[in-house]
Amino acid sequence: MHYITLVILGGLTWGILFWVWGDTWGLRGDSFRLASLGVIAWATGQILQQFTTLPPILAALLTGIIARHLDFVDMRRFVYIDSFLRKIYPVIILGKGSLGWDVNYMRQNWRQIATLGALPWSIEVAFVAISTHYLLGFPWIWGFLLGSVYASVSCPVVMPSVLKHAKNASGTVNWPQLICTAGGLDTALSVGIFGVIFSFMFYETDYSYRILKAALALFLGVSLGVAWGSLAKFVPHSKDYYVTELRVLFVLVGGLFCNFFTGAVGWGGTGGVAVLACNATAATYWAKDEWKLNQNPASTVYRVLWSFCEPVLFAYTGTFFIWHSSISKTLLIGLGVLFACLTVRLTVTFITCWNLKFKEKIFVCCTWIPKTIVEAVLCPLAIEALIMSDSPVDSQELVYAEDLIRLIVQAILVTTPIGFLLTNYLGPTLLHCDQDRDESKDNKFRRESSGI
Numbered sequence: 023m024h025y026i027t028l029v030i031l032g033g034l035t036w037g038i039l040f041w042v043w044g045d046t047w048g049l050r051g052d053s054f055r056l057a058s059l060g061v062i063a064w065a066t067g068q069i070l071q072q073f074t075t076l077p078p079i080l081a082a083l084l085t086g087i088i089a090r091h092l093d094f095v096d097m098r099r100f101v102y103i104d105s106f107l108r109k110i111y112p113v114i115i116l117g118k119g120s121l122g123w124d125v126n127y128m129r130q131n132w133r134q135i136a137t138l139g140a141l142p143w144s145i146e147v148a149f150v151a152i153s154t155h156y157l158l159g160f161p162w163i164w165g166f167l168l169g170s171v172y173a174s175v176s177c178p179v180v181m182p183s184v185l186k187h188a189k190n191a192s193g194t195v196n197w198p199q200l201i202c203t204a205g206g207l208d209t210a211l212s213v214g215i216f217g218v219i220f221s222f223m224f225y226e227t228d229y230s231y232r233i234l235k236a237a238l239a240l241f242l243g244v245s246l247g248v249a250w251g252s253l254a255k256f257v258p259h260s261k262d263y264y265v266t267e268l269r270v271l272f273v274l275v276g277g278l279f280c281n282f283f284t285g286a287v288g289w290g291g292t293g294g295v296a297v298l299a300c301n302a303t304a305a306t307y308w309a310k311d312e313w314k315l316n317q318n319p320a321s322t323v324y325r326v327l328w329s330f331c332e333p334v335l336f337a338y339t340g341t342f343f344i345w346h347s348s349i350s351k352t353l354l355i356g357l358g359v360l361f362a363c364l365t366v367r368l369t370v371t372f373i374t375c376w377n378l379k380f381k382e383k384i385f386v387c388c389t390w391i392p393k394t395i396v397e398a399v400l401c402p403l404a405i406e407a408l409i410m411s412d413s414p415v416d417s418q419e420l421v422y423a424e425d426l427i428r429l430i431v432q433a434i435l436v437t438t439p440i441g442f443l444l445t446n447y448l449g450p451t452l453l454h455c456d457q458d459r460d461e462s463k464d465n466k467f468r469r470e471s472s473g474i
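Each residue of the sequence shown is one higher than the last, beginning at 23 in our numbering.
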């Protein structure tokens with residue numbers, strides 16, 4: 023009945039849109055094609071998850087790739103629409119994740135969070151830049167632009183498995199908070215640094231002003247986010263009759279405004295970091311009013327919004343990927359770069375988990391494999407900026423932008439299922455130490471002996 027209800031609502035919505043806007047929502051209209059691609063991506067994702075347990079985003083991405091090669095949808099024709107949506111996606115996904123951050127946990131474990139979130143990310147960014155410069159001929163700035171996206175982990179892909187396995191884990195490690203907060207720092211670095219480099223490359227301003235923005239962007243984002251999140255402690259009042267609705271709108275609309283405004287003035291990355299800081303700060307204050315972290319009305323709204331955005335994001339991203347025989351060499355080199363990067367990243371990750379047991383370190387490494395959501399959001403932005411540019415575009419820059427998309431889509435398709443499956447199926451073994459099993463066997467033996 024759930025799916026029947028959705029079909030009925032979808033049909034009614036399409037009928038309204040068709041009668042109001044006419045042919046553009048007809049069966050051959052552009053708007054209908056864009057919407058139907060999102061619906062097909064959602065449906066194929068549900069089927070994939072139902073039969074394989076793999077994340078539905080893989081099916082959505084492949085749906086977009088197929089749609090492009092069947093000439094059903096090409097988002098290059100709708101770059102203004104896609105660019106607009108890509109200012110909304112980060113607010114939803116970053117806001118959703120940071121509503122679950124425990125600030126007290128972060129204060130107590132800041133050293134481990136900082137090293138786990140920042141050190142593997144930094145080394146992988148540098149490794150990607152060096153590899154693509156010497157193997158693919160990328161200019162350094164394009165290499166670091168790619169690296170800042172490429173190095174981002176995707177905690178939402180593995181968090182359901184982490185939450186499930188953490189309930190039966192031995193030891194005292196708060197696994198959901200460790201993975202979520204360290205992964206959040208990694209994400210903040212990716213969004214912030216990508217925005218800084220992107221603004222430096224595509225916003226024509228005075229050179230000294232670009233340097234100033236690069237130096238202050240992350241700091242300004244954190245400051246704006248903490249300030250707005252702190253204001254959410256007082257506005258709306260906790261006794262307000264509509265406190266639930268107003269709290270959600272306060273952080274959601276504030277995040278959207280900040281992301282659009284900072285992007286418009288060329289302070290890329292600042293808005294995304296501000297959203298992370300804002301929602302984490304607001305959630306901390308709301309928790310004192312008995313709104314549990316990640317289990318409150320705001321979290322529910324963000325989850326629902328993301329369930330709508332997720333298939334659309336990955337399907338539209340897939341339409342930017344164009345396959346032809348001439349890119350085989352690029353993808354082959356890219357595959358080598360990917361596995362080399364993963365090796366370096368996971369080695370550094372293993373080393374940074376100094377206070378964990380061997381199996382627990384392996385578990386963290388499994389969760390640090392997927393490259394998925396931030397990659398899908400950011401990878402087409404460079405090609406869109408070049409397409410929308412008013413000035414003449416260097417053809418070589420178009421090649422770099424196309425290669426950037428190909429390498430990132432390849433990374434999503436390879437790392438997402440591997441990271442998800444390893445985390446999901448090795449989790450029970452890795453988080454349950456042998457000592458605890460031996461103790462349980464001893465206790466069972468004693469009970470059986472006493473019953474003889």
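Cβ coordinates follow ideal geometry from the N, Cα and C atoms, glycine included.
If you drop the 5 nearest sequence neighbours on each side, which residues of the same chain put their C-beta closer than 7 Å to that of Thr266? Residue mapping note: residue 266 aligns to position 244 of the sequence shown, counting from 1. Once the five neighbours on either side are set aside, the close Cβ partners of Thr266 are Pro319.
List, from N- to C-terminal side, the alpha helix (DSSP H) runs of 4 residues or more that fit wholly inside the region 257-334. Along the length of the region 257-334, whole alpha helix (DSSP H) runs at least 4 residues long occupy 265-286, 292-309, reported in chain order.
Measuring alpha carbon to alpha carbon, tell me which residue in Trp328, Phe241, Ser329 is nearest Ala296. Translated into the one-based positions of the sequence shown, residue 296 becomes position 274. With distances taken between CA atoms, Ala296 lies nearest to Phe241 out of Trp328, Phe241, Ser329.
So, under 8 Å CB-CB, Phe166 and Ile219 are touching, yes? Tell me the CB distance rounded to an integer number of Å. Counting from one through the sequence shown, the residue named residue 166 turns up at place 144. Counting from one through the sequence shown, the residue named residue 219 turns up at place 197. Indeed, because the Cβ distance is near 6 Å, the residues count as touching under 8 Å.
Classification of Ser348 by the beta-carbon crowding that lies within 10 angstroms, buried from 16 upward: In the sequence shown, residue 348 corresponds to position 326, counting from 1. Looking at its Cβ environment, which holds fewer than 16 other Cβ atoms inside 10 Å, Ser348 is exposed.
Rounded C-alpha distance that separates Ala407 from Gly340: Your numbering for residue 407 matches position 385 in the sequence shown. Your numbering for residue 340 matches position 318 in the sequence shown. Going from the Cα of Ala407 to the Cα of Gly340 covers about 18 Å.
Same chain, Cβ closer than 8 Å to Ser472, neighbours up to 5 away in sequence not counted: Taking the sequence shown and counting its residues from 1, the one referred to as residue 472 is at position 450. Reliability fails at Ser472, whose pLDDT of 37 lies under 50, so the model's placement of it is uncertain and no value is given.
contact_flag[the region 379-388, the region 439-448] where n(CB pairs < 8 Å) is 3 or more: Segment contact: the region 379-388 against the region 439-448, three or more CB-CB distances shorter than 8 Å; contact assigned.
Between which residues of its own chain and Gly243 is the CB-CB distance below 6 Å, once the five residues before and five after are set aside? Reading the sequence shown from its first residue, position 221 is the one you call residue 243. Thr292, Val295, Ala296, listed in sequence order.
Between the beta-carbon of Ile395 and the beta-carbon of Ile201, is there less than 7 Å? The sequence position of residue 395 within the sequence shown is 373, counting from 1. The sequence position of residue 201 within the sequence shown is 179, counting from 1. Between Ile395 and Ile201, the CB-CB gap reaches or exceeds 7 Å.
Classification of Thr306 by the beta-carbon crowding that lies within 10 angstroms, buried from 16 upward: Position 284 of the sequence shown holds residue 306. So Thr306 ends up on the buried side.
Do Ile135 and Ala204 have their beta-carbon atoms positioned less than 7 Å apart in this structure? Numbered from 1 along the sequence shown, position 182 holds the residue referred to as residue 204. Numbered from 1 along the sequence shown, position 113 holds the residue referred to as residue 135. Taking 7 Å as the cut-off, the Cβ atoms of Ala204 and Ile135 count as close.
Close beta carbons around Phe224, own chain, < 7 Å, minus the five adjacent residues each side: Position 202 of the sequence shown, counted from the start, is the residue given in the question as residue 224. The answer, listed in chain order, is Ala407.
Tell me whether Leu31 is buried or exposed, calling it buried when 16 or more other Cβ atoms sit within 10 Å of its Cβ. On the sequence shown, position 9 is the one that residue 31 refers to. Exposed.
Grab me the residues of Asn301's own chain with a C-beta within less than 7 Å of its C-beta, minus the 5 sequence neighbours each way, in chain order. As a working note, residue 301 is residue 279 in the sequence shown. Answer for Asn301: Gly117, Ser120, Leu121, Gly251, Val273, listed in chain order.
For the region 363-372 against the region 322-338, are there 3 or more C-beta pairs whose distance is under 8 Å? Too few Cβ pairs lie closer than 8 Å, so no.
Contiguous alpha helix (DSSP H) assignments of at least 4 residues, all confined to the region 193-260: Note on the region 193-260: whole alpha helix (DSSP H) runs with a minimum of 4 residues are 197-224, 229-253, in chain order.
Hey, is the region 58-70 in contact with the region 79-95, meaning 3+ C-beta pairs nearer than 8 Å? Touching, yes, given that three or more Cβ pairs across the two stretches are closer than 8 Å.
Would you give the residue range spanned by the alpha helix (DSSP H) that Asn126 belongs to? As a working mapping, residue 126 is identified with position 104 in the sequence shown. Per DSSP, Asn126 is one residue of the alpha helix (DSSP H) stretching across 125-130.
Does the region 133-147 come into contact with the region 371-378, if we say contact requires no fewer than three beta-carbon pairs (one atom in each stretch) closer than 8 Å? By the Cβ criterion, the region 133-147 is in contact with the region 371-378, since at least three pairs of Cβ atoms, one from each stretch, lie closer than 8 Å.
Exposed or buried, Lys351, counting other C-beta atoms within 10 Å across all chains shown (16 or more means buried)? For the purposes of this step, residue 351 is taken as residue 329 along the sequence shown, with counting starting at 1. With fewer than 16 other Cβ atoms within 10 Å, it is exposed.
Might you give, ordered along the chain, the residues of its own chain that have their beta carbon closer than 6 Å to the beta carbon of Leu76, omitting 5 neighbours on each side? For the purposes of this step, residue 76 is taken as the residue at position 54 of the sequence shown. Beyond the five residues adjoining it in sequence on each side, Leu76 comes within less than 6 Å, by CB distance, of Leu70, Pro439 in the same chain, given in chain order.
What are the boundary residues of the alpha helix (DSSP H) that includes Trp164? For the purposes of this step, residue 164 is taken as residue 142 along the sequence shown, with counting starting at 1. That run of the alpha helix (DSSP H) goes 162-172.
Which residues mark the beginning and the end of the alpha helix (DSSP H) in which Ser58 is found? Taking the first residue of the sequence shown as 1, we reach residue 58 at position 36. From DSSP, the alpha helix (DSSP H) with Ser58 extends over 52-74.
Are the beta-carbon atoms belonging to Gly169 and Gly217 less than 7 Å from one another? Locating residue 169 in the sequence shown gives position 147, counting from the first residue. Locating residue 217 in the sequence shown gives position 195, counting from the first residue. No, Cβ-Cβ distance for Gly169 and Gly217 is not below 7 Å.
Val179 and Phe342 - do their beta-carbons sit closer together than 7 Å? Numbered from 1 along the sequence shown, position 320 holds the residue referred to as residue 342. Numbered from 1 along the sequence shown, position 157 holds the residue referred to as residue 179. Note that the C-beta distance between Phe342 and Val179 is not below 7 Å.
If you draw a straight line from the alpha carbon of Asp45 to that of Tyr25, how long is it in whole angstroms? Position 23 of the sequence shown, counted from the start, is the residue given in the question as residue 45. Position 3 of the sequence shown, counted from the start, is the residue given in the question as residue 25. Distance between the alpha carbons of Asp45 and Tyr25 is about 27 Å.
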